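Student:
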Amino acid sequence: MSRSEPEFQKKRKNIGGWLRNFWVNLLLVLLGLLFGVFFPDWGKAIYPVGDLYLALLNMCIIPIVLTAIVSGLGEMLAKGAMRGYLKHIVAVYLIAVILGASLGVLAGWAGRPGEAMSVEARKALGKLMFTSNSGHMEEKNTQGGMTGFVRQAIPENVIKAMADGKSLAIVLAGILMGIALGLSRSEESRRVLEVTKGVLEIFNRILNWVLYALPFALFSLSATLTASSGWTIFSALSRILMLAFTCCFVMCVFYTVAIWFFTRHPVPHILSSLKDALGLAFFSNSLVAMP
Numbered sequence: 006m007s008r009s010e011p012e013f014q015k016k017r018k019n020i021g022g023w024l025r026n027f028w029v030n031l032l033l034v035l036l037g038l039l040f041g042v043f044f045p046d047w048g049k050a051i052y053p054v055g056d057l058y059l060a061l062l063n064m065c066i067i068p069i070v071l072t073a074i075v076s077g078l079g080e081m082l083a084k085g086a087m088r089g090y091l092k093h094i095v096a097v098y099l100i101a102v103i104l105g106a107s108l109g110v111l112a113g114w115a116g117r118p119g120e121a122m123s124v125e126a127r128k129a130l131g132k133l134m135f136t137s138n139s140g141h142m143e144e145k146n147t148q149g150g151m152t153g154f155v156r157q158a159i160p161e162n163v164i165k166a167m168a169d170g171k172s173l174a175i176v177l178a179g180i181l182m183g184i185a186l187g188l189s190r191s192e193e194s195r196r197v198l199e200v201t202k203g204v205l206e207i208f209n210r211i212l213n214w215v216l217y218a219l220p221f222a223l224f225s226l227s228a229t230l231t232a233s234s235g236w237t238i239f240s241a242l243s244r245i246l247m248l249a250f251t252c253c254f255v256m257c258v259f260y261t262v263a264i265w266f267f268t269r270h271p272v273p274h275i276l277s278s279l280k281d282a283l284g285l286a287f288f289s290n291s292l293v294a295m296p
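Residue numbers (this note's numbering): 6 to 296.
1) Take Gly113 and list the residues in its own chain whose beta-carbon comes closer than 8 Å to its own, dropping the five residues that flank it on each side.
2) Which two residues bound the contiguous alpha helix (DSSP H) that contains Glu161?
3) Can you tell which of Thr268, Arg196, Met256, Leu188 has the C-alpha that lies nearest to the C-alpha of Gly85?
4) Tell me whether Pro53 is buried or exposed, calling it buried when 16 or more other Cβ atoms sit within 10 Å of its Cβ.
5) Which term fits Ile51, buried or exposed, when burial requires 16 or more other beta carbons within 10 angstroms of its beta carbon?
6) Which value, in whole angstroms, describes the spacing of the CA atoms of Leu31 and Phe250?
7) Suppose contacts are defined by Cβ-Cβ distances below 8 Å. Is Leu212 in contact with Val197 by that definition?
8) Between Val42 and the rest of its own chain, which residues show a CB-CB distance below 6 Å, the 5 nearest in sequence each way excluded?
9) Classify Gln65: buried if its beta carbon has 16 or more other beta carbons within 10 angstroms, exposed otherwise.
10) Given that a residue counts as buried once 16 or more other Cβ atoms are within 10 Å of its Cβ, and exposed if not, what is Glu80?
11) With a 10 Å radius around its C-beta and 16 neighbouring C-beta atoms as the bar for buried, classify Phe208 as buried or exposed.
12) Rank Trp28, Lys280, Arg190, Leu181 by C-alpha distance to the C-alpha of Val75 and give the top, closest one.
13) So Ala222 packs on Gly55, CB below 8 Å; how close in whole Å?
14) What is the DSSP secondary structure of Pro68, counted as helix, strand or coil?
15) Check this for me: beta carbons of Cys252 and Gly109, under 8 Å apart or not?
16) Out of curiosity, what's the CA-to-CA distance linking Ala1 and Lys202?
17) Pick out whichever of Phe266, Thr261, Ser243, Phe224 has its Cα sitting closest to the Cα of Leu38.
18) In or out: Gly183 buried (at least 16 other Cβ within 10 Å) or exposed?
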């Protein structure tokens with residue numbers, strides 16, 4: 006029994022490594038796209054698998070984002086370490102935002118992704134955008150500009166913002182809660198911080214379990230995409246995707262070089278440390294990869 010148990014754990018670790026591998030996930034996406042083209046009825050039928058997975062993923066991600074911000078910020082303030090990090094955090098954030106926005110504007114101006122788009126491609130893209138936003142039309146904010154942006158960032162109800170997945174409102178609520186807990190010196194606040202760290206650890210463990218099913222969810226969602234829209238949607242998005250991936254690659258190279266310059270860690274070590282976050286962001290979104 007003692008000999009077989011380490012062998013079983015080794016096999017389980019190897020299987021888990023394959024399921025979390027970037028190239029395995031990419032292969033399942035490509036297979037799902039082909040499956041949806043050749044078997045459109047089956048491609049639509051397996052959509053609930055991906056939909057249920059997204060719901061389960063959101064169930065984990067939102068508590069992780071909130072508790073990570075609250076516990077991290079609160080602990081730094083409580084230990085007095087925030088003063089030394091604050092300038093660096095603000096500087097890095099501003100540089101990243103300005104760089105990303107400038108690169109996106111430059112790529113859009115130089116590439117002009119919608120200029121050569123055919124009528125069929127525009128119809129397919131419009132259909133996809135309408136389908137994606139149809140469930141949120143009633144929540145559309147009538148205010149535009151900076152006022153509308155700030156209004157969306159302030160949640161009227163924190164629980165409702167978490168239920169709706171409003172990332173900006175969740176981040177703002179987490180920052181305010183973390184600052185309030187960090188500045189408080191009471192024993193109750195310290196206990197709340199400890200509970201928050203415990204909740205973060207629990208949901209991180211659940212997320213690690215959930216990510217083992219990511220390849221199957223990607224297969225389901227990609228099969229549903231081609232089963233519903235066919236290859237037309239890719240001809241509509243090909244130029245946009247090429248520009249987006251090029252910008253992402255440039256940003257990744259810049260950040261890797263910046264991390265190497267300030268830490269002097271070997272580049273392979275940096276890429277190995279970031280591979281899970283980068284892979285998760287590639288196949289989902291930034292909110293999922295944030296923790």
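In this text, a Cβ means the ideal position worked out from N, Cα and C, and glycines have one as well.
This one's a predicted model, so the numbers in the text were calculated from it and none came from an experiment.
Tutor: The relevant details are as follows:
1) As a position in the sequence shown, residue 113 is number 108, starting the count at 1. The residues are Leu248.
2) In the sequence shown, residue 161 corresponds to position 156, counting from 1. The continuous stretches of alpha helix (DSSP H) do not include Glu161, and DSSP gives it neither H nor E.
3) The residue you call residue 85 lines up with position 80 of the sequence shown. Taking only the C-alpha atoms, the option nearest Gly85 is Leu188.
4) Sequence index remark: in the sequence shown, residue 53 carries index 48 (1-based). By the 10 Å Cβ count, Pro53 comes out exposed.
5) By 1-based counting over the sequence shown, the position of residue 51 is 46. Classification for Ile51: buried.
6) Start at 1 with the first residue of the sequence shown, and residue 31 comes out as number 26. Start at 1 with the first residue of the sequence shown, and residue 250 comes out as number 245. Cα-Cα distance, rounded: 14 Å.
7) Start at 1 with the first residue of the sequence shown, and residue 212 comes out as number 207. Start at 1 with the first residue of the sequence shown, and residue 197 comes out as number 192. Result no, Cβ atoms of Leu212 and Val197 do not sit closer than 8 Å.
8) Here residue 42 refers to the residue found at position 37 of the sequence shown. Scanning its chain for C-beta atoms nearer than 6 Å, with the 5 sequence neighbours on each side dropped, one finds around Val42 the residues Thr231, in chain order.
9) Here residue 65 refers to the residue found at position 60 when the sequence shown is read from its first residue. Looking at the sequence itself, residue 65 is Cys, so the reference to Gln does not match. Buried, since its Cβ has 16 or more Cβ neighbours within 10 Å.
10) Position 75 of the sequence shown, counted from the start, is the residue given in the question as residue 80. So Glu80 ends up on the buried side.
11) Within the sequence shown, residue 208 is the residue found at index 203, counting from 1. Phe208 comes out buried.
12) Taking the sequence shown and counting its residues from 1, one reaches residue 75 at position 70. Checked all of Trp28, Lys280, Arg190, Leu181; the closest Cα to Val75 is Leu181.
13) On the sequence shown, position 217 is the one that residue 222 refers to. On the sequence shown, position 50 is the one that residue 55 refers to. Their Cβ separation, rounded to whole angstroms, is 5 Å, which keeps Ala222 and Gly55 in contact under 8 Å.
14) Position 63 of the sequence shown holds residue 68. Helix at Pro68.
15) If you number the sequence shown from 1, residue 252 lands on position 247. If you number the sequence shown from 1, residue 109 lands on position 104. In contact: Cys252 and Gly109 (Cβ atoms closer than 8 Å).
16) Past the edges of the chain, shown from 6 to 296, lies residue 1, and the structure says nothing about it.
17) Counting from one through the sequence shown, the residue named residue 38 turns up at place 33. With distances taken between Cα atoms, Leu38 lies closest to Phe224.
18) Here residue 183 corresponds to residue number 178 of the sequence shown, with the count starting at 1. Its Cβ being crowded by 16 or more others within 10 Å, Gly183 is buried.
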